[in-house]
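J.: FYI, in the UniProt record's numbering the residues of the sequence shown are 1 to 136.
One structure, as structure tokens, below. Some questions next.
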Amino acid sequence: LISERDQAVEEVATIEKAFGDLHRRFEKSKQVIESFKQNEEALKHSIEEYKNLLQRQENKYLALKKLAEDKLLKAAQDAEAQRQEFESNATRLQAALRIAELQTKSLETQLAQKTRENVELTKICDELLSKYGGLT
């Protein structure tokens, strides 16, 4: 009976030791799981922050892209307006040049006509002077 008791005590000690080891492993596993949960929460928080940062950066990019597109469109419109203005001015100046050329040609024709008339009048005056010049 004593040997059975000693054996039972030994078995209880072994079971208590196994239970103690199991309990320590359980507590250690709980700590590891808690650590994993904390890491998971930290990673989720980081992911959320990066998503927010990415969204802000994307919004900023889209705003800058829109601004650049608007400026390019305005520059193209300004360039087109200047081109049209230059063409209009060139056309107006060409018309003014053509008018000035026509006026010059008309004045040259009038000058030639007046010169011929002056020559003719000079001849008439010379004839009259020679014809009636001796009467005085």
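Yeah, the Cβ is synthetic: ideal placement off N, Cα and C, and Gly gets one too.
Every value quoted in this text rests on a predicted model; they were computed, and no experiment measured them.
According to DSSP, is L107 part of a helix, a strand, or is it coil?
T.: It is helical.
J.: State the DSSP-derived secondary structure class of L53, mapped to helix, strand or coil.
T.: Residue state, collapsed to three classes: helix.
J.: In angstroms with no decimal places, state the Cα-to-Cα distance between R56 and F26.
T.: So the alpha carbons of these two residues sit roughly 44 Å apart.
J.: Check L67 in the structure and name its three-state DSSP category.
T.: Helix at L67.
J.: May I have the straight-line CA-CA distance separating R116 from L97, to the nearest angstrom?
T.: Going by the C-alpha atoms only, they are around 28 Å apart.
J.: Could you tell me the distance, in whole angstroms, from the CA atom of E4 to the CA atom of T14?
T.: In a straight line, the C-alpha of E4 is about 15 Å away from that of T14.
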